[in-house]
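Enquirer: First, the structure itself, so that you have it in front of you.
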Amino acid sequence: MEESLGQKWKQPEFALASVSDLSLAPSSSASPGIARFNSDGLQIHHQSHQIPFNVDPRTVQLFKVSPVLSVCLVEGSDVGKKTLYSRGVTIQFRNDEESAAFHCVVQQWKKEVNAQEGNGRNGTITTSKSKFDDKIESSSSKMYFHYYGQLLHQQNMLQDYVRTGTYHAAVLENRTDFIGRVVVDVGAGSGILSLFAAQAGAKHVYAVEASEMAEYARKLIAGNPTLAQRITVIKGKVEDVELPEKADILISEPMGTLLVNERMLESYVIARDRFLVPAGKMFPAVGRIHMAPFTDEYLFIEIANKALFWQQQNYYGVDLTPLHGTAFQGYFSQPVVDAFDPRLLIAPSMFHVIDFTKIKEEELYEIDIPLRFIASVGTRVHGLACWFDVLFDGSTVQRWLTTAPGSPTTHWYQLRCVLSQPIYVMAGQEITGRLHLIAHNAQSYTIYLTLSAKMWGPGAEQGGILQTSSCKLDLKEPYYRMSQPQAYALAQDQQSQPLIQTQDLDEPEIVQQPSLNSCAQIDSLMRNV
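Residue numbers (full-length UniProt numbering): 1 to 529.
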């Protein structure tokens, strides 16, 4: 093995009520002992013997005889179809909880050995796949876990003080939920949320992390010894690992861009179904995707201008124009990730709720959201702006983490789906449509957006759709613009309107409307597409 699994687990010692060598008479060999994971692997020490019983995870077999009694055998050689064992001991624990914890550690330990070496028993390739591996392509998951296994990316998230500070406040303000409780940290990363849970008085925290960041988490947690004794880091996917006990609370940061990118919400839900006790709490418990139509001539020109390269008719003697239309649509297939001025919104926002405590994993494979807005101003609609928030539904304090435009910027920013063919609306006109998200095996979603402007004014109920524009985008491949909001001058006749839903569902925030810009340059570009 590349490194000791004993070092990786850093488990506390397991005190044993008795240890007896199977090769000796039980009365002469039984004595109290200790099971310890160290640099040499697992060692089982007799109190009356100086030489420990060393265990190799590749050859050990552990059999549970009773809730507190187990037999540990080390394989020797194969004779025909029979397996011979070179040595064995019986180990008796002080109680069934310690017995269950020990078996869980050994089982996970063996899994890590197989994962590191890429081999199963007798040198055969392990072909079994987890639920995660069945739905996610290997190249995507490899890149994903590589990314989150690097400290610089963890630092980027830790330095998002809106994110980190909100989690810290949500946990510490709800100590009554954590004191004396078992917590599972799903996708623990650096282990910061596990440390917060321990600070709040958790009885024990299981920090589950599949990437190499688990090693850094162990180091960080060990460096905080007053908390470390109540935290166990487990390297593996929540779909695969086994825990010695159920959790009273799940804590996680499973949100991606548009809330659902990276598809970690599914792992959060799987962890709920596998580990959470009935009526257990989830931090966070609810997520909301907020949406509103927007106008932004600057952004539209910027995206359209990217394709101007392909309008060259004499590029080293080559006419590039046959690819201009394809390039133009390609740039508009990228969702834009940046922070924008909320005054660019042209209608009050709506939201779609995802209740993490109730939703089924399969319901996250496809999300279909009908859209309906009433335009507050007459303008060109360039697309749909989206952001999200999540609720920490504590017993003492309810706290929201929001990524809304106009709020302090987070590392998620906001997301905008830009139409290659804008639509025109007047104040009071109804805008309808559909936002359809379909999960794919690259840990993201394909976005299908349609916006339509309906008949408005007297007799509108007898009218139909006037204009429709659609686009297809890949959430996996966004345009990271990430500029700070620009200042937009207000027209004198503009009125302040409530456009953004805040944490309180009944009290929308008051924000201002965008001014309108000239459309001449855009119209010229569109005629050339």
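Just so you know, even glycine gets a beta-carbon here, dropped at the ideal spot from N, CA and C.
DSSP has C471 in a bridge; who is on the other side?
Expert: Paired residues: L449.
Enquirer: Note the first and the last residue of the continuous alpha helix (DSSP H) segment covering A15.
Expert: Here A15 belongs to no alpha helix (DSSP H); instead the beta strand (DSSP E) covers 14-21.
Enquirer: Report all residues from its chain with a CB closer than 6 angstroms to the CB of D319; omit the five preceding and five following residues, and keep chain order.
Expert: Only Q313 meet the Cβ criterion.
Enquirer: Quick one: what's got a C-beta closer than 8 angstroms to Q414's C-beta in the same chain, skipping five residues either side?
Expert: Excluding residues within five positions, the ones whose Cβ falls inside 8 angstroms are V337, D338, A339, F340, A385, C386, W387, T403, A404, P405.
Enquirer: Can you name, in chain order, every residue of its own chain whose Cβ lies under 6 angstroms from the Cβ of R163, other than the five neighbours on each side?
Expert: Closer than 6 angstroms at Cβ, skipping near neighbours: T410.
Enquirer: Of all the options E362, R481, H153, A198, which has the alpha carbon lying nearest to the alpha carbon of H168?
Expert: The shortest Cα separation from H168 among E362, R481, H153, A198 belongs to A198.
Enquirer: Hey, could you find the ends of the beta strand (DSSP E) Y331 is sitting in?
Expert: Not the beta strand (DSSP E): Y331 falls in the alpha helix (DSSP H), residues 324-331.
Enquirer: Return yes when the Cβ of P342 is within less than 7 angstroms of the Cβ of H382, no when it is not.
Expert: Cβ atoms of H382 and P342: not closer than 7 angstroms.
Enquirer: Going by C-alpha distance, which of P293, L344, D393 is nearest M350?
Expert: The candidate whose alpha carbon is nearest that of M350 is P293.
Enquirer: Who pairs with I136 in a beta bridge, going by DSSP?
Expert: I136 is not bridged to any residue.
Enquirer: So what does DSSP say about E477, is it helix, strand or coil?
Expert: Of the three classes helix, strand and coil, the one that applies to E477 here is coil, per DSSP.
Enquirer: Determine the DSSP secondary structure at N54, reduced to helix, strand or coil.
Expert: Note: N54 maps to strand in three-state DSSP.
Enquirer: Pairs of beta-carbons, one from the stretch 168-178 and one from the stretch 144-156, closer than 8 angstroms: are there three or more?
Expert: Cβ pair count under 8 angstroms is below three, so no.
Enquirer: Around the Cβ of A200, are there at least 16 other Cβ atoms within 10 angstroms (buried) or fewer (exposed)?
Expert: The residue is buried, with at least 16 neighbouring Cβ atoms inside 10 Å.
Enquirer: If I136 and Q443 are in contact, beta carbons under 8 angstroms, what's the gap, nearest whole angstrom?
Expert: Indeed, because the Cβ distance is near 6 angstroms, the residues count as touching under 8 angstroms.
Enquirer: Put F340 into one of helix, strand or coil per three-state DSSP.
Expert: Residue state, collapsed to three classes: coil.
Enquirer: Can you tell me which residues form a DSSP beta bridge with R399?
Expert: In the DSSP output, where bridge partners are listed per residue, R399 has F392.
Enquirer: Going by other Cβ atoms of all chains shown within 10 Å of its Cβ, with 16 needed for buried, is R372 buried or exposed?
Expert: Looking at its Cβ environment, which holds fewer than 16 other Cβ atoms inside 10 Å, R372 is exposed.
Enquirer: With distances taken Cα to Cα, identify the nearest neighbour of D56 among S31, A453, E245, W109.
Expert: For the residues S31, A453, E245, W109, the minimum Cα distance to D56 belongs to W109.
Enquirer: Let me make sure I understand the geometry here. Which of P348, I303, L172, V205 has the alpha-carbon closest to that of H374?
Expert: Reading the sequence as shown, one finds Ile at residue 374 and not His. Looking at the Cα atoms, P348 is the closest of the given residues.
Enquirer: Where does H46 land, buried or exposed, given buried means 16+ other C-beta within 10 angstroms?
Expert: H46 comes out buried.
Enquirer: Starting from S420, trace the beta strand (DSSP E) in both directions and tell me its first and last residue.
Expert: That run of the beta strand (DSSP E) goes 414-425.
Enquirer: Is S130 helix, strand or coil by DSSP?
Expert: Coil at S130, not helix or strand.
Enquirer: Taking the continuous beta strand (DSSP E) assigned at P370, which residues delimit it?
Expert: First-last of the beta strand (DSSP E) with P370: 366-374.
Enquirer: Which two residues bound the contiguous beta strand (DSSP E) that contains S252?
Expert: Residues 247-252.
Enquirer: Could you tell me whether any Cβ in chain C is nearer than 7 angstroms to the Cβ of V397?
Expert: In the displayed structure, chain C is absent; only one protein chain is listed.
Enquirer: In the structure shown, what three-state DSSP assignment does V162 receive?
Expert: Looking at V162 - three-state DSSP - the assignment turns out to be helix.
Enquirer: Looking only at its chain, what residues have a beta carbon closer than 8 angstroms to the beta carbon of Y479, apart from the 5 residues adjacent to it on each side?
Expert: Same-chain partners within the cutoff: I303, Y331, Q334, P335, V336, V337.
Enquirer: Who are F283's beta bridge partners in DSSP?
Expert: Paired residue(s): I251.
Enquirer: From the DSSP output, read off the bridge partner residues of F294.
Expert: Paired residue(s): L345, G383.
Enquirer: How about the stretch 210-219 and the stretch 242-261: do they share at least three Cβ pairs that are nearer than 8 angstroms?
Expert: Because the criterion of three Cβ pairs below 8 angstroms is not met, the stretch 210-219 and the stretch 242-261 do not touch.
Enquirer: By Cβ distance below 6 angstroms, which residues in the same chain neighbour L299 in space, the five residues on each side in sequence not counted?
Expert: Cβ within range, chain order: n/a, list empty.
Enquirer: Which partner residues does D185 have in the DSSP bridge list?
Expert: In the DSSP output, where bridge partners are listed per residue, D185 has A207, I251.
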